[in-house]
Amino acid sequence: MDIGVIGYLALWNVKLDPISMVTIIMSIGFSIEFCAHITYGFMSSDGKLTPTERCVYAMEKLAWPIVHGSMSTILGVAVLAFINSYMVLVFFKAIFLVLVIGVFHPLMLLPIILS
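For the sequence shown, full-length UniProt numbering assigns the number 1 to the initial residue and increments by one for each residue that follows.
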């Protein structure tokens, strides 16, 4: 996921400097958190279910909380987009990308891998 974030940051003309690197390192926590919730839901479901049914169970229980958590974080950092400071804009761009890409992975790719 961080490779995607670095790629999109390059498209947004953000150079790899100490500010962007700290933000990218911070983003590892977001990427692990979202995938960990879906994986935990999959593993904590009834073992007698098929892998596809376990994915459906995990998605039913955890997809909305993941979407709501990411949307609330996006709304929280959205105000940073209007501040004219390089450091703040880099932080906003990186966190925004992490949240958008970070929601895509556990809700679209991880269920395919688990099932």
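All C-beta atoms, glycine included, are put in the ideal place defined by N, C-alpha and C. Model, not experiment: these values are computed from the prediction.
### Message
Taking the alpha-carbon of Gly102 as reference, which of Ile19, Ile28, Lys48 and Cys55 has the nearest alpha-carbon?
### Response
Ile28
### Query
Quick one: what does DSSP say Val56 is sitting in, helix, strand or coil?
helix
### Message
In whole angstroms, give me the CA-to-CA distance for Leu66 and Lys48.
### Response
As written in the sequence, residue 66 is Ile, which differs from the Leu given in the question. About 26 angstroms.
### Query
Leaving out the 5 sequence neighbours to the left and right, which residues in its chain are closer than 7 angstroms to Ala58 when beta-carbon positions are compared?
Ile38, Gly41, Phe42 and Ser45
### Alpha carbon of Ala81 to alpha carbon of Tyr8, nearest angstrom
16 angstroms
### Task
Give the single residue among Phe104, Ser31 and Val90 whose Cα lies nearest to the Cα of Ser20.
Val90
### Query
Which runs of the alpha helix (DSSP H) fall wholly inside the region 63–94 and span at least 4 residues, in chain order?
With a minimum length of 4 residues, there is no unbroken run of alpha helix (DSSP H) contained wholly in the region 63–94.
### Query
When you compare only the Cα positions, how much space is there between Asn84 and Leu107?
33 angstroms
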